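The sequence shown begins at 14 in our numbering and counts up by one. Glycine residues also receive a C-beta, built at the ideal position from the N, C-alpha and C atoms. Computed from a prediction, not measured in an experiment: that's the story for all the values here.
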Amino acid sequence: MKLISTLVLLFSSLWVFSQGEEQLVSSKISEVTVYLQGAQVTRTFDASTPSGNTTLVIGNLPVNIRERSIQIKALNEGVKVLAVSGRLNYLDEKKKSEQIVSLEAERDKLNDQIADQEVWQEVYKEEESLLIGNKAIGGTDNGVSIEELKQAAEYYRARLAEIKGKELELARKIKTLREEQSKVNAQLNELSNKRPEPVREVLVKVSAKTTLRSKFILTYLVQEAGWGPSYDIRAENVLKPVEVTYKANVHQNTGEDWDRVKLTFSNADPSQSSVAPNLTTWYLGFNNRVAYNNYGRQMQVGAYSIAGNEVSGRVIGEDGMPLPGVNVLIKGTTVGTITDIDGNYRLPLTQDAQTIVYSFVGMVSQEQSIGHRSVMDVVLYDDTQQLSEVVVTALKGRASGVNASSSYEYKPKVKKEIAATAVVKQTTLEFTVDEPYSIKSDGRNQIVDMVAYDLPATYRYYAVPKLDTDAFLKAQVTDWEGYNFLAGEANLFFEGKFIGKTVLDTRNVKDTLNISLGRDKNIVITREKVNEFSSAQFIGSNRKELVGFEIKIRNKKQQPINITIEDQVPVPTNKDIEVDMLESSKAEYNKHTGILRWKLKLEPGDSRQMDLKYEVKYPKDQSLVME
Numbered sequence: 014m015k016l017i018s019t020l021v022l023l024f025s026s027l028w029v030f031s032q033g034e035e036q037l038v039s040s041k042i043s044e045v046t047v048y049l050q051g052a053q054v055t056r057t058f059d060a061s062t063p064s065g066n067t068t069l070v071i072g073n074l075p076v077n078i079r080e081r082s083i084q085i086k087a088l089n090e091g092v093k094v095l096a097v098s099g100r101l102n103y104l105d106e107k108k109k110s111e112q113i114v115s116l117e118a119e120r121d122k123l124n125d126q127i128a129d130q131e132v133w134q135e136v137y138k139e140e141e142s143l144l145i146g147n148k149a150i151g152g153t154d155n156g157v158s159i160e161e162l163k164q165a166a167e168y169y170r171a172r173l174a175e176i177k178g179k180e181l182e183l184a185r186k187i188k189t190l191r192e193e194q195s196k197v198n199a200q201l202n203e204l205s206n207k208r209p210e211p212v213r214e215v216l217v218k219v220s221a222k223t224t225l226r227s228k229f230i231l232t233y234l235v236q237e238a239g240w241g242p243s244y245d246i247r248a249e250n251v252l253k254p255v256e257v258t259y260k261a262n263v264h265q266n267t268g269e270d271w272d273r274v275k276l277t278f279s280n281a282d283p284s285q286s287s288v289a290p291n292l293t294t295w296y297l298g299f300n301n302r303v304a305y306n307n308y309g310r311q312m313q314v315g316a317y318s319i320a321g322n323e324v325s326g327r328v329i330g331e332d333g334m335p336l337p338g339v340n341v342l343i344k345g346t347t348v349g350t351i352t353d354i355d356g357n358y359r360l361p362l363t364q365d366a367q368t369i370v371y372s373f374v375g376m377v378s379q380e381q382s383i384g385h386r387s388v389m390d391v392v393l394y395d396d397t398q399q400l401s402e403v404v405v406t407a408l409k410g411r412a413s414g415v416n417a418s419s420s421y422e423y424k425p426k427v428k429k430e431i432a433a434t435a436v437v438k439q440t441t442l443e444f445t446v447d448e449p450y451s452i453k454s455d456g457r458n459q460i461v462d463m464v465a466y467d468l469p470a471t472y473r474y475y476a477v478p479k480l481d482t483d484a485f486l487k488a489q490v491t492d493w494e495g496y497n498f499l500a501g502e503a504n505l506f507f508e509g510k511f512i513g514k515t516v517l518d519t520r521n522v523k524d525t526l527n528i529s530l531g532r533d534k535n536i537v538i539t540r541e542k543v544n545e546f547s548s549a550q551f552i553g554s555n556r557k558e559l560v561g562f563e564i565k566i567r568n569k570k571q572q573p574i575n576i577t578i579e580d581q582v583p584v585p586t587n588k589d590i591e592v593d594m595l596e597s598s599k600a601e602y603n604k605h606t607g608i609l610r611w612k613l614k615l616e617p618g619d620s621r622q623m624d625l626k627y628e629v630k631y632p633k634d635q636s637l638v639m640e
């Protein structure tokens, strides 16, 4: 195996390519790997290099390329890459956006339609003039009969009425077309009056001993893109497997459309440092108020999350204008969303969510603690930091850039034809869409269905009637690791109906994945206090209270169900308080937690009653809450 040399060069603004003819080449996007935040774009092009040194110029690239990420390799071993740099070209006109091209085409079409209608207007006006100018009937020496005069009058009247009607119809059409024309022109003016953007170019200096033709591969990172996993979870009934459709919510606003490219989704984050952290000496003294980690970030102490299950808000710039397309992500997870055109967002929370990260191209990212807030409005500020140097990697040879880490492929049972292939690498997970895909550069969320699984599941209902009398259905899935699930929002469907949303949080799951499928109103549960049993008595210096509840459950479904019902009795924290269980209807009882658990199986139409009775004794000069 030949040794592949990798050239890592540090460029500054003083780097100067040797004088010589520049060769402009055209490249095409072939592959895109989308990360949770950012994307790596792969372009390919062919170029003929004469003997000696040549400078290749790859133009019409996005302005916001991360120059440190630029990599170039020549597949012909006879071509040697000497240097790579990037520049902004303010002289060449940037290629018109597809929106402008579409609007110009629509404007031209409207102009043609208006011209056609105006031609017909002229035709009818000429015919009207012809009729009016030729009113004479017969000659000067010949009279006309009343019948002839009547026929002529009827003809003139009918034809003039028809002409006037056509003219009125044409005037209305022209008015409507001119209104549309005015809107299109206004939109074109708004887009055309925007500050012209320069064109990003990459310059590649290559050397060859003879004239050679080679294929080149160019890769670079862009920040204005990302993806997040989401799911559709469907359960037809408790006798069938759970169907989980794995989806990718992808967005990009990089300035270039991805047209029929090989699309890969990765859970890697190229913006994170790959250097392992090191502990330094922790010196403790007075007035130490704030601790920092070895990355220079302030550490949060005693952080807590909101009791609710989602947050919402609005993101604006420092000028007060809304920011669409801002990445909003729960820190340390893959659960996130983007802001809409008005800057608004809504984000479901995982149980341990503590911090929300807001990021947008050209602006300083922010981290906000959730705390007790359910509404989080954020202002992002421009990032004025400029890079003073550019690190570019140049690769030579056919095998350059090959990842040496081992990987293996999971092949779990799927419900339908696979749309994406999952590959687990040493530290990352990737999904490659099997068919070419197109993503517009408009910042909008686009959903890509990747794969649907049929998951063998054990269904069990769960209820805590003390807190909520509804029964909640849970599907328990074992051996779920082979499905490569990442934490994300899920839409829930049960018995063909949409029942709500949840968060599929796989980060802390061990051997069994519990999927909540929401409430089922066909299981009726009641919990009522037994007043005849509940009473209070005084015995010496103590007070004794008897408390009783009846819990009733009925299965109105057409299938048998398994259900776990939980209740509780108080756990004393003082030796003067005594709690005795009197009746539990054979429940599993944990004295340390006070939790009672009934595991029942009910056939269709079956009912069951559980009795809970307990006694509490405590000093009569004290008061306790018994329910």
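Residue i in three-state terms, based on DSSP
i       : result
Ala-199 : helix
Leu-181 : helix
Gln-194 : helix
Glu-135 : helix
Ser-636 : coil
Arg-170 : helix
Glu-494 : helix
Thr-441 : coil
Lys-163 : helix
Lys-588 : coil
Ser-451 : strand
Arg-520 : coil
Arg-386 : coil
Gln-53  : strand
Ala-118 : helix
Leu-615 : strand
Glu-601 : strand
Glu-628 : strand
Gln-572 : coil
Ile-230 : strand
Leu-292 : coil
Those residues which DSSP pairs with residue i across a bridge
i       : result
Ser-142 : The partner list for Ser-142 (beta bridge, DSSP) is empty, contrary to what the question assumes.
Ala-128 : Its beta-bridge partners do not exist; DSSP assigns none.
Arg-473 : Lys-487
Thr-347 : According to DSSP, Thr-347 bridges with nothing at all.
Ile-334 : According to the sequence provided, residue 334 is Met. The question's Ile does not apply to it. According to DSSP, which records beta bridges pairwise, Met-334 is partnered with nothing at all.
Thr-189 : None, per the DSSP bridge assignment.
Thr-434 : Thr-445
Limits of the beta strand (DSSP E) - the one that residue i falls within
i       : result
Val-592 : 591 to 596
Ala-248 : 238 to 248
Glu-12  : The chain is shown from 14 up to 640; residue 12 falls before or after that span and cannot be answered.
Ala-488 : 481 to 491
Lys-514 : 510 to 517
Leu-393 : 391 to 393
His-264 : 255 to 265
Pro-361 : 357 to 361
Gln-381 : 379 to 382
Lys-557 : 555 to 568
Val-76  : Per DSSP, Val-76 belongs to no beta strand (DSSP E) and is neither H nor E.
Glu-502 : 501 to 507
Ala-465 : 459 to 468
Trp-271 : 271 to 279
Gln-36  : 35 to 38
Glu-541 : 536 to 542
Residue i beta carbon near the ligand ZN (any heavy atom closer than 6 Å)
i       : result
His-385 : The ligand ZN is not among the ligands present in this structure, which contains no ligands whatsoever.
Cβ pair residue i, residue j closer than 7 Å
i       : j       : result
Arg-213 : Val-339 : no
Thr-55  : Ser-43  : yes
Ile-176 : Glu-139 : no
Val-92  : Gln-236 : no
Val-4   : Gly-326 : Because the chain is modelled from 14 through 640, residue 4 falls outside the range shown and cannot be assessed.
Ser-598 : Asp-634 : no
Ala-366 : Ile-351 : no
Lys-630 : Glu-591 : yes
Ile-246 : Lys-86  : no
Leu-505 : Gly-495 : no
Arg-226 : Ser-61  : yes
Val-328 : Leu-360 : no
Would you list, in sequence order, the uninterrupted alpha helix (DSSP H) runs of no fewer than 4 residues that lie entirely inside the region 83 to 108?
DSSP runs (the alpha helix (DSSP H)) wholly in the region 83 to 108: none.
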